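Heads up, the thing below is written out as structure tokens.
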Amino acid sequence: MSKKIWLIGVMFTFLLSITTFVFAEVKQGTSELGIHIGGVIGDDLMDTTVSGAAVELDNGFVWGIDYTYNFSVNWGLEGRYSWHISEAAGAPTSPDLDVHIFDINAVYHFNPESQTVFYATAGFGWASGDLDANITGIINGIDQSVGDATGLTFNIGGGLKYYATENIILRGDIRYRYIDELVSEFEESLNTFEITAGVGYRF
1339 MSKKIWLIGV MFTFLLSITT FVFAEVKQGT SELGIHIGGV IGDDLMDTTV SGAAVELDNG
1399 FVWGIDYTYN FSVNWGLEGR YSWHISEAAG APTSPDLDVH IFDINAVYHF NPESQTVFYA
1459 TAGFGWASGD LDANITGIIN GIDQSVGDAT GLTFNIGGGL KYYATENIIL RGDIRYRYID
1519 ELVSEFEESL NTFEITAGVG YRF
């Protein structure tokens, strides 16, 4: 009896290991389509004060979609769109400021044969500021109005992918992001951080 139980246990472990192996790997030639949500840590928006106060891209919520093509088990190419919902904090009227970000990123998988895969990523793109009203106030002693702008962006970071099933992927990600500019005058380059979680579908 004990021998039968032992054999059943061995077979169960073997089948479980096969199932895990099937689920737990990055596959060459596959695509991954996902959504991500999280938060952004902002930075100074302008290189001068407005009516005596520093103006910042406020910390805020971010969500978006991403698509990755794995052209090998280690390397993938990611297209990523993120919408950062924020405001120009410190400005006299604190207008809403949404940031639309489009990236093309390289992705490197460190352990593609595992169910939990760690990766690094880096890439370039565009960040477009969208103020719902101009930033107005006293700048350098003059009453002025500043609009939004589009700038270049660079990001680098990493995270993990957990292959929950053959097709479903859970993902966590942290990235440093440099943005050239988001306003049309008195612009300041920004150093921000994005922390996101997401779910994806592999096909």
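When we follow my numbering, the leftmost residue of the sequence shown carries the number 1339, and every step to the right adds one.
Each residue gets a CB set at the ideal place from its N, CA and C atoms; glycine is no exception.
Quantities reported herein were computed from a predicted structural model and do not represent experimental measurements.
Could you please give me the residues that DSSP links to residue 1465 through a beta bridge? 1439 and 1489
Thinking residue 1403 and residue 1373 are a contact (beta carbons under 8 Å), I'd like their distance in whole angstroms, please. 5 Å
CA-to-CA distance, residue 1473 to residue 1428, given in whole angstroms: 10 Å
Give the DSSP bridge partners of residue 1377, in chain order. 1399 and 1533
Closest Cα partner of residue 1379 within the set 1364, 1424 and 1405: 1424
Own chain partners of residue 1492 with C-beta closer than 6 Å, once the 5 adjacent residues on each side are dropped: 1462 and 1516
Can you tell me whether residue 1482 is helix, strand or coil according to DSSP? strand
Cutoff 7 Å; reference residue 1391; Cβ partners in own chain excluding five residues on either side: 1428
From the DSSP output, in three-state form, read off residue 1411 for me. coil
Rank 1433, 1385 and 1412 by C-alpha distance to the C-alpha of residue 1364 and give the top, closest one. 1412
Thinking C-beta only, is residue 1508 closer than 9 Å to residue 1382? no
Give me whichever residues DSSP pairs with residue 1577 in a beta bridge. Residue 1577 lies beyond the stretch modelled for the chain, which goes from 1339 to 1541, so this question has no answer here.
Quickly, what does DSSP pair residue 1542 with across the bridge? List them, please. The question about residue 1542 has no answer, for the chain in this structure spans 1339 to 1541.
Which residues bound the beta strand (DSSP E) around residue 1474? 1473-1477
Residue 1437: which of 1454, 1415 and 1464 sits nearest, CA to CA? 1464
Where residue 1483 and residue 1475 are concerned, what is the direct C-alpha to C-alpha distance, given to the nearest angstrom? 7 Å
Skipping 5 residues on each side, what residues in its chain have a beta carbon closer than 7 Å to that of residue 1497? 1457, 1509, 1510, 1511 and 1512
By Cβ distance, which residues of its chain are closer than 6 Å to residue 1293, with the 5 residues on each side in sequence left out? Here the chain covers residues 1339 to 1541 and nothing more, so residue 1293 does not appear.
In or out: residue 1370 buried (at least 16 other Cβ within 10 Å) or exposed? buried
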